[in-house]
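K.L.:
Let me give you the structure first, and then I'll get to my questions.
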Amino acid sequence: MPTATARHILVSSEAECLQLKAEIEAGAEFADVARQHSLCPSRAQGGDLGTFTQGQMVKEFDDIVFSGEINKVLGPVRTQFGYHLIEITKRW
């Protein structure tokens with residue numbers, strides 16, 4: 001079964017998501033931005049979600065993680081929880 005590791009930042013608005021993405025693309029550290037802004041408990045680990053298999057996350061999140069480019073900040077991705085920036089760190 002396909003497996004991945006990823007980290008993410010969860011916020012409540014698309015505008016905030018886009019702003020944070022711009023900060024990361026300008027050189028801010030993903031983990032630092034996650035610790036400061038993410039609404040998810042994973043913020044304590046810099047947004048790190050650990051290892052998970054395909055089908056464990058909500059569909060919109062899963063679709064990106066198992067098809068998107070590795071080591072690139074992807075998003076905003078809207079789910080029932082809010083807006084995510086996602087960085088896939090490994091997939092196998």
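Going letter by letter, the sequence shown gives residues 1 to 92 in the UniProt record's numbering.
Virtual Cβ for every residue (Gly too), placed ideally from N, Cα, C.
1) In this structure, does DSSP put Glu29 in helix, strand or coil?
2) According to the neighbour-count rule (16 or more other Cβ atoms, all chains shown, within 10 Å of its Cβ), is Met1 buried or exposed?
3) Would you list the one or two residues that DSSP bridges to Thr51?
4) Can Arg78 and Ala34 be called in contact, C-beta distance under 8 angstroms?
5) Buried or exposed, going by whether 16 or more other CB atoms sit within 10 Å of the CB of Pro41?
6) Using DSSP bridges, identify the partner residues of Ile88.
7) List the residues that DSSP assigns as beta-bridge partners of Gly82.
8) I think Gly82 touches Leu10, with their Cβ atoms under 8 angstroms apart; what is that distance to the nearest whole Å?
P.N.:
Per the coordinate set shown:
1) coil
2) exposed
3) Thr5
4) no
5) exposed
6) Ala6 and Ile70
7) Thr79
8) 5 angstroms
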